[in-house]
Amino acid sequence: MNRIITLTTDFGLGDGYVAAVKGTLLALAPDAQLVDITHEIAPQNVHDAAFVLANAIPYFPMDAVHLIVVDPGVGSVRRTLAARTARATYVAADNGVLTLVWRHEPPLEIVSLTEPRFWRAGQISHTFHGRDIMGPVAAHLANGVPLSDLGPSITDPVTLDMAEPVEMPDGQLRGEIIYVDRFGNLISNIPADRVSDPIYVDIENRRLPLSRHYAEVPTGKPVALIGSHGYLEIAVREGNANKRLRLGRGAPVVISANRQAEAG
Amino acid sequence: MNRIITLTTDFGLGDGYVAAVKGTLLALAPDAQLVDITHEIAPQNVHDAAFVLANAIPYFPMDAVHLIVVDPGVGSVRRTLAARTARATYVAADNGVLTLVWRHEPPLEIVSLTEPRFWRAGQISHTFHGRDIMGPVAAHLANGVPLSDLGPSITDPVTLDMAEPVEMPDGQLRGEIIYVDRFGNLISNIPADRVSDPIYVDIENRRLPLSRHYAEVPTGKPVALIGSHGYLEIAVREGNANKRLRLGRGAPVVISANRQAEAG
Amino acid sequence: MNRIITLTTDFGLGDGYVAAVKGTLLALAPDAQLVDITHEIAPQNVHDAAFVLANAIPYFPMDAVHLIVVDPGVGSVRRTLAARTARATYVAADNGVLTLVWRHEPPLEIVSLTEPRFWRAGQISHTFHGRDIMGPVAAHLANGVPLSDLGPSITDPVTLDMAEPVEMPDGQLRGEIIYVDRFGNLISNIPADRVSDPIYVDIENRRLPLSRHYAEVPTGKPVALIGSHGYLEIAVREGNANKRLRLGRGAPVVISANRQAEAG
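Protein chains in written order, with the working numbering: chain A, 271 to 534; chain B, 271 to 534; chain C, 271 to 534.
Next up, the structure:
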């Protein structure tokens, strides 16, 4: 069983940038098992990356090394980090991309990557720290180099402001769509544990009951349910809610008690 | 040599859903070798998935586990299955996605997945059985769990209706385009063994002879040949037949004996 | 540590063609470690493939086998090749796709693939030599078959004409954009060693100084710098230069001494 290194980037798969990172990883850690999380994060979209990571990383085995290269500030003064939680090791730019992952797995130790002996030998590109700094560091971590060798401890990592659902005076909970997936499913920021059936879900001028799965409504109809991410989600059965309802990121989602159902 | 698990889904690569399945597989079967068949099946398109599977799976080594998650009915009463053929093991929803594969490799045993001890521990999502049921089952199969432990035998799996070519009274064979690939090649449902040269191939108001390869016609010209799938295919040399000929899925393709060539 | 086989194709990931090649490779070389360089080369675009390969392959460990299937002439009389350099082994159609790689790693031995015993057993498709000829040969090479067994030596491989920067009488260097990446970055054919700061970079009716990294200019502004490929590149900070500047492949890029800066 070889050490897993996962890769998450906004590089796309077309240009060979991911391959340059993979070659670098395998040159330093030939026995590592490379697994792609995604390379299709919209360019520089740290928020999307944070959401995707939080929904994939918990399923990986313990002790994986997760390399994340979504890095709008590459080459500037922003720091690059390595961090350790109870479950895994992370390498990323210091831009908050791990904010959501770390809610469930708080970092036990974070270091700033300042030790060039763990970087690519020779010239470091000013525009590709994934290949020249973060990639080599991830490989060394997979090989067992301790975090503390990579640079000084830090305690002030950048955190993303994530939209949070707001409790209203009338008992409603007001959230918003924070992610739209390939299927056009609209994923809100309202977590399952804030949703106790029976409720109404209001989006735009439409009110939906809470369903358990897509097939509870007819094909082509909208449905509100707890998605696989553990968040309230609006979907269209065998259709695309994003296109069909013309709602996207930022659209409000409000839940309120369904007193009629309670009474019934 | 580690056990291969292939993955075929309609998840796309952007959202981390595939990665959640891969993490799940590797957590249970750390030595498995994961190979992607594709994750770009059009959402819920079971017919396309059936075609792609039939053209990729035969090339894999014996004893692979093939996990297919194209599952419009997720969460409803549709069954999920595991099956064994002489060459491989399959895990999929019971929606006919294996219809074409099983023409060449009939299933020797099929079971309905009903034993939760082989599923994800804890809560099962109603919308992501690839991660919570079929993925874990595929990992257990790769680890050597026998099919019969997973649930009761069934003998009535769902089968897809696939369009078949029709023999006409005048000796013509009338088929249709069933798949359009990335190159815009138009792949018909007429298998190589129904095509004996010399023939004419008629599409719309165009008649083509049968060629052996793309380079037999000038750049930009349409060509009819037996494609790598073993079906009659209409292509445009170094071009896109789908766009150039404005023909797509369902377009009729008729072959008839080329008596002139026979006479000549 | 298993032998690496990388794959570079224009197949896209949707149709299962890549999977058919991977299955073929693993059936013959079960311990090979498969790594994708890219499968998103624009159909039949040998120039793009040459550029992407040159920027990814140098980062792979020694002794990898690199399989490249971008092959507009498949089925015609064009040769297929295997070649050995000081660092790696290559399998590709003889169409110049390795021109840029071989500038840095000249081939020590090239053979024409003529020995069918190293190909797929049975019928060879006229349209899919990646699966039926080049794939099997790559697997045999990974297994240690010597190059000389695969066919006769050749010394006249096809070479691509690549646009080269031209030195002008007035001291300017006139190059052009040769590649546009996912981020819309415009990559020129002017290599870093032809660029000595301070210079002006002229594109269309715009003059830029040479920067070191994207973050040296405000968000949304164009910047000229040496990219991670080692070529002069025009980018837009956190934006898309291709769309913003409406410049693409073939657009002229001229550099000239910045005498004002030198004087200053």
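Backbone N, C-alpha and C fix where the C-beta goes; we use that ideal spot for every residue, glycine too.
Alpha-carbon spacing of Pro-300(B) relative to Arg-373(C), whole angstroms: When only Cα atoms are considered, Pro-300(B) and Arg-373(C) end up about 41 angstroms apart.
Buried versus exposed, by CB contacts within 10 Å (16 or more), Val-347(A): Answer is exposed; the Cβ neighbour count stays below 16.
Distance between Asn-459(C) and Leu-323(C) (C-alpha atoms, nearest Å): Distance between the alpha carbons of Leu-323(C) and Asn-459(C): 15 angstroms.
Proximal residues, the segment 339-367 of chain B versus chain A, C-beta separation under 9 angstroms: Per Cβ criterion, the list reads Pro-342, Gly-343, Val-344, Gly-345, Ser-346, Val-347 and Arg-348.
Alpha-carbon spacing of Tyr-484(A) relative to Arg-464(A), whole angstroms: In a straight line, the C-alpha of Tyr-484(A) is about 21 angstroms away from that of Arg-464(A).
Bridge partners - Gly-509(B), DSSP secondary structure assignment: Gly-509(B) pairs with Val-506(B).
Residue closest to Phe-453(B), alpha-carbon to alpha-carbon, out of Pro-468(B), Arg-477(B) and Glu-508(B): The candidate whose alpha carbon is nearest that of Phe-453(B) is Glu-508(B).
Beta-carbon neighbours of Arg-401(C), restricted to chain B and to distances below 9 angstroms: Going along chain B in sequence order, the residues near Arg-401(C) (Cβ under 9 angstroms) are Tyr-329 and Ser-498.
Same chain, Cβ closer than 6 angstroms to Ser-357(B), neighbours up to 5 away in sequence not counted: A small fix is needed here, since residue 357(B) is Arg in this sequence, not Ser. Its chain contains Met-332 and Glu-375 as the residues whose beta carbon lies nearer than 6 angstroms to that of Arg-357(B), once the 5 sequence neighbours on both sides are disregarded; these appear in chain order.
Exposure label - Arg-387(B); buried when at least 16 CB within 10 Å: Taking a 10 Å sphere around the C-beta of Arg-387(B), we find fewer than 16 other C-beta atoms and assign the residue as exposed.
Sequence-distant residues of the same chain with beta carbon closer than 6 angstroms to Ala-408(C), five excluded per side: Answer for Ala-408(C): Ile-275, Val-335, Leu-337 and Val-361, listed in chain order.
Neighbouring residues, chain D, relative to Leu-420(B) (Cβ below 8 angstroms): The chain inventory of the structure shown lacks chain D, comprising the protein chains A, B and C.
Terminal residues of the alpha helix (DSSP H) in which Val-371(A) lies: Note, Val-371(A): alpha helix (DSSP H), 369-374.
Beta-carbon contacts of Gly-497(B) that lie in its chain and below 8 angstroms, excluding the five residues immediately before and after: Excluding positions up to five away in sequence, the list reads Asn-455, Ile-457, Glu-503 and Ala-505.
Exposure label - Gly-534(A); buried when at least 16 CB within 10 Å: Residue placement at Gly-534(A) is poorly supported in this model, since its pLDDT is 41, which falls under 50; the coordinates still yield a value, given next. Under this definition Gly-534(A) is an exposed residue.
Straight-line Cα distance separating Glu-446(C) from Ile-327(C): Rounded to the nearest angstrom, the two C-alpha atoms are 23 angstroms apart.
Cβ neighbours of Arg-444(C) in the same chain (closer than 6 angstroms, five flanking residues each side left out): Taking C-beta separations shorter than 6 angstroms and ignoring five residues to either side along the sequence, the partners of Arg-444(C) in its chain run Val-436, Met-438 and Val-524, following chain order.
Inter-residue CB distance, Tyr-470(C) and Pro-461(C) (contact presumed, cutoff 8 angstroms): Tyr-470(C) to Pro-461(C), Cβ: 18 angstroms. No contact.
With 16 other Cβ atoms within 10 Å as the buried cut-off, status of Arg-477(A): With fewer than 16 other Cβ atoms within 10 Å, it is exposed.
First and last residue of the uninterrupted beta strand (DSSP E) at Tyr-484(A): No beta strand (DSSP E) holds Tyr-484(A); DSSP gives it neither H nor E.
Given Ala-319(C) as reference, the closest of Gly-284(C), Val-291(C), Leu-277(C) and Arg-390(C) once Cα atoms are compared: Distances from the alpha-carbon of Ala-319(C) to those of Gly-284(C), Val-291(C), Leu-277(C) and Arg-390(C) put Leu-277(C) closest.
Spatially closest choice to Ser-423(C) from Pro-406(C), Ala-391(C), Gly-405(C) and Ile-380(C), by CA coordinates: Ranking Pro-406(C), Ala-391(C), Gly-405(C) and Ile-380(C) by Cα distance to Ser-423(C) puts Ile-380(C) first.
Start-to-end residues for the beta strand (DSSP E) that takes in Gly-405(A): Gly-405(A) -> not in any beta strand (DSSP E); alpha helix (DSSP H) instead, spanning 405-412.
Same chain only: Cβ atoms within 6 angstroms of Val-428(C), ignoring 5 sequence neighbours per side: Same-chain partners within the cutoff: Asp-364, Asn-365 and Gly-366.
Cβ neighbour criterion (16 or more within 10 Å) applied to Gln-393(A): That one is exposed.
Local conformation of Leu-277(A) per DSSP, three classes: Reduced to three states, the DSSP call for Leu-277(A) is strand.
Minimum Cβ-Cβ distance from Asp-285(C) to chain B less than 8 angstroms: True, the Cβ-Cβ gap to chain B drops below 8 angstroms.
Ranges of the alpha helix (DSSP H) found wholly within the segment 382-452 of chain A, counting only runs of at least 4: DSSP runs (the alpha helix (DSSP H)) wholly in the segment 382-452 of chain A: 405-412.
Test item: CB-CB of Phe-330(B) and Leu-370(B) under 8 angstroms: No; because the gap between Cβ atoms is not below 8 angstroms, this pair is not in contact.
Against chain A: residues of the segment 371-399 of chain B by CB proximity under 7 angstroms: Listed by position along the chain: Ser-395, His-396, Thr-397 and Phe-398.
C-alpha distance - Gly-286(B) paired with Ser-395(A), whole-angstrom precision: Rounded to the nearest whole angstrom, the CA to CA distance from Gly-286(B) to Ser-395(A) is 29 angstroms.
Assigned exposure category for Asn-475(A) - 16 Cβ within 10 Å defines buried: Classification for Asn-475(A): exposed.
Euclidean distance between Cα positions of Thr-489(B) and Gln-314(C): Looking at the two C-alpha atoms, the distance is approximately 12 angstroms.
Other residues of its chain near Leu-378(B): CB distance less than 7 angstroms, five sequence neighbours each side excluded: For Leu-378(B), where only same-chain residues beyond five positions count, the Cβ hits under 7 angstroms are Arg-354, Thr-355 and Ala-356.
Contacts of Arg-482(B) in chain C (Cβ-Cβ under 8 angstroms): Within 8 angstroms Cβ-Cβ: Gly-345 and His-396.
Cβ-Cβ separation, Asp-280(C) to Ile-311(C) (assumed contact under 8 angstroms), whole Å: Right, the Cβ-Cβ distance comes to about 4 angstroms (below 8 angstroms), so this counts as a contact.
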